[in-house]
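Chemist: When you line the sequence shown up against this note's numbering, it's residues 1 to 89, in that order.
Following this message is one structure expressed as structure tokens.
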Amino acid sequence: MGDLIKDCEVAMRLARAIVSDILLYNKEKVKEGLQNDNLFELLNDELEEGRDLFNKRVDRQILENSNYYDKAIVDVMIKRSGNIESEIW
């Protein structure tokens with residue numbers, strides 16, 4: 001693979017793209033997970049695979065000083081799914 005990402009903006013966009021793909025390909029799991037308050041258990045494998053990809057592509061210094069991937073999970077997956085009926089909100 002090429003050089004590691006050393007630009008924070010690029011790292012943030014990568015995190016959002018990875019999580020967007022997870023959401024796109026797992027809409028039913030996301031819906032079920034939000035409805036039953038077990039989103040992270042249902043999507044554990046997908047989220048960890050995404051995190052591994054992100055960690056392999058991004059420079060260690062950015063990884064140690066940011067939480068872009070976790071923020072992307074909240075901003076992209078959870079906030080975009082706010083229309084799903086759930087007792088957690």
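Even glycine gets a Cβ: it sits at the ideal position worked out from N, Cα and C.
#1: Whole alpha helix (DSSP H) runs in the stretch 34-65 with 4 or more residues, listed along the chain?
#2: Identify which residue in Ala15, Leu23, Val58 has its Cα closest to the Cα of Phe40.
#3: Starting from the Cα of Glu28, find the closest Cα among Leu42, Ala15, Ala17 and give me that residue.
#4: With a Cβ-Cβ cutoff of 9 angstroms, do Ala11 and Tyr68 count as a contact?
#5: Provide the residue span of the alpha helix (DSSP H) that contains Met12, from first to last.
Modeler: In brief:
#1: 39-42, 44-57, 60-64
#2: Leu23
#3: Leu42
#4: yes
#5: 8-25
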